[in-house]
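Participant:
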Amino acid sequence: QKEVEQDPGPLSVPEGAIVSLNCTYSNSAFQYFMWYRQYSRKGPELLMYTYSSGNKEDGRFTAQVDKSSKYISLFIRDSQPSDSATYLCAPAGGTSYGKLTFGQGTILTVHP
Amino acid sequence: DTEVTQTPKHLVMGMTNKKSLKCEQHMGHRAMYWYKQKAKKPPELMFVYSYEKLSINESVPSRFSPECPNSSLLNLHLHALQPEDSALYLCASSQILRGTNTGELFFGEGSRLTVL
């Protein structure tokens with residue numbers, strides 16, 4: 377079993393749709409949960425950062441972490457064509473090295 | 202614009218060449234990373250430097266040689282590479298607070314390497 381599982385998609389939605397992206401993980405030591413967005417031919421950029429369980433909202437984006445079920449979600453409301461990118465979940469343990477374990481990445485296309 | 206700057210953006214080299222990739226950040230971060238990313242795959246960790254010391258080497262072949270001259274700079278020296286080493290090489294940095302690295306990485310835009 378991989379340490380982090382993420383459906384690679386691709387996922388195609390119409391503009392304005394609510395998008396749900398999900399990951400599961402197996403390592404109970406993970407305490408920090410990141411979502412990165414990567415546009416084609418660019419480096420990943422940090423989109424959301426959550427510590428432990430709970431929800432975090434930032435504009436149209438909401439990150440959810442359920443540590444009891446080891447489930448991570450990212451919701452995008454009112455999706456826009458500019459949201460078209462690959463979304464990578466990345467849980468991490470509180471080590472001094474910051475070693476991230478990336479999910480496979482979900483390719484999202486939002487069409488007008 | 203990313204605050205982690207990588208040069209060159211593109212590099213083509215032969216299998217006998219020696220080249221270097223460079224990375225610079227001025228955010229005061231004390232952890233710096235090299236990742237390798239193949240098409241349609243997530244980034245794979247290669248090396249981590251913490252306080253300018255190599256702290257993680259993910260069993261990377263010796264034809265890749267990292268160097269951290271100071272807290273702002275990170276190099277990756279390349280020698281005798283293979284065509285399968287062609288990939289996007291990403292540099293990243295993060296803060297270390299009270300001895301803990303939260304994993305909040307800031308990536309550069311990458312150096313796209315082609316080995317002929």
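Chains as they are written, first to last, in our numbering: chain V, 377 to 488; chain R, 202 to 317. Cβ coordinates follow ideal geometry from the N, Cα and C atoms, glycine included.
Determine which residues share a DSSP beta bridge with residue 238 of chain R and list them.
Facilitator: What you label residue 238 of chain R is simply residue 37 of the second sequence in a count that begins at 1. R:289.
Participant: Suppose contacts are defined by Cβ-Cβ distances below 9 Å. Is residue 288 of chain R in contact with residue 254 of chain R by that definition?
Facilitator: In the second sequence, the residue the question calls residue 288 of chain R occupies position 87. In the second sequence, the residue the question calls residue 254 of chain R occupies position 53. Going by C-beta atoms, residue 288 of chain R is not nearer than 9 Å to residue 254 of chain R.
Participant: Measure the alpha-carbon distance for residue 433 of chain V versus residue 317 of chain R and round it to whole angstroms.
Facilitator: Taking the first sequence and counting its residues from 1, one reaches residue 433 of chain V at position 57. Taking the second sequence and counting its residues from 1, one reaches residue 317 of chain R at position 116. So the alpha carbons of these two residues sit roughly 46 Å apart.
Participant: Quick one: grab the DSSP three-state call for residue 454 of chain V.
Facilitator: Taking the first sequence and counting its residues from 1, one reaches residue 454 of chain V at position 78. Residue 454 of chain V: coil per DSSP, three-state reduction.
Participant: Assess, as a yes-or-no matter, whether the stretch 406-417 of chain V is touched by the stretch 386-393 of chain V under the definition of 3 or more beta carbon pairs within less than 8 Å.
Facilitator: no
Participant: Suppose you measure from the CA of residue 411 of chain V to the CA of residue 422 of chain V; what does that come to, to the nearest Å?
Facilitator: Position 35 of the first sequence, counted from the first residue, corresponds to residue 411 of chain V. Position 46 of the first sequence, counted from the first residue, corresponds to residue 422 of chain V. Rounded to whole angstroms, the gap between the alpha carbons of residue 411 of chain V and residue 422 of chain V is 6 Å.
Participant: On the DSSP letters alone, give me the boundaries of the beta strand (DSSP E) that residue 205 of chain R sits inside.
Facilitator: For the purposes of this step, residue 205 of chain R is identified with residue 4 of the second sequence, where counting begins at 1. Per DSSP, residue 205 of chain R belongs to the beta strand (DSSP E) from 205-208.
Participant: Between R:221, R:216, R:306, which has its C-alpha nearest residue 285 of chain R's C-alpha?
Facilitator: The residue you call residue 285 of chain R lines up with position 84 of the second sequence. Ranking the options by Cα distance to residue 285 of chain R, first place goes to R:216.
Participant: Assuming residue 267 of chain R and residue 248 of chain R are in contact, meaning their beta carbons sit under 8 Å apart, how far apart are those beta carbons, in whole angstroms?
Facilitator: Position 66 of the second sequence, counting from 1, holds the residue named residue 267 of chain R. Position 47 of the second sequence, counting from 1, holds the residue named residue 248 of chain R. With a Cβ gap of about 5 Å, residue 267 of chain R and residue 248 of chain R count as contacting.
Participant: What's the C-alpha gap between residue 280 of chain R and residue 485 of chain V?
Facilitator: The residue given as residue 280 of chain R occupies position 79 in the second sequence. The residue given as residue 485 of chain V occupies position 109 in the first sequence. CA-CA distance, residue 280 of chain R to residue 485 of chain V, rounds to 38 Å.
Participant: If you follow the beta strand (DSSP E) that residue 468 of chain V is part of, which residue opens it and which one closes it?
Facilitator: Position 92 of the first sequence, counted from the first residue, corresponds to residue 468 of chain V. Element bounds for residue 468 of chain V: 461-469.
Participant: Considering only the alpha carbon of each residue, which of R:207, R:256, R:283 lies closest to residue 262 of chain R?
Facilitator: Position 61 of the second sequence, counted from the start, is the residue given in the question as residue 262 of chain R. The residue with the shortest Cα to Cα distance from residue 262 of chain R is R:283.
Participant: Based on DSSP bridge pairs, tell me the residues matched to residue 278 of chain R.
Facilitator: In the second sequence, residue 278 of chain R corresponds to position 77, counting from 1. R:221, R:266.
Participant: Taking C-beta pairs closer than 9 Å, name the residues in chain R that residue 424 of chain V reaches, listed in chain order.
Facilitator: As a first step, residue 424 of chain V must be located in the first sequence, where it is residue number 48. Within chain R, no residue comes near residue 424 of chain V; the closest Cβ sits about 11 Å away, beyond 9 Å.
Participant: Given a cut-off of 9 Å on the beta-carbon distance, is the pair residue 234 of chain R and residue 272 of chain R in contact?
Facilitator: Position 33 of the second sequence, counted from the first residue, corresponds to residue 234 of chain R. Position 71 of the second sequence, counted from the first residue, corresponds to residue 272 of chain R. Contact flag unset, no.
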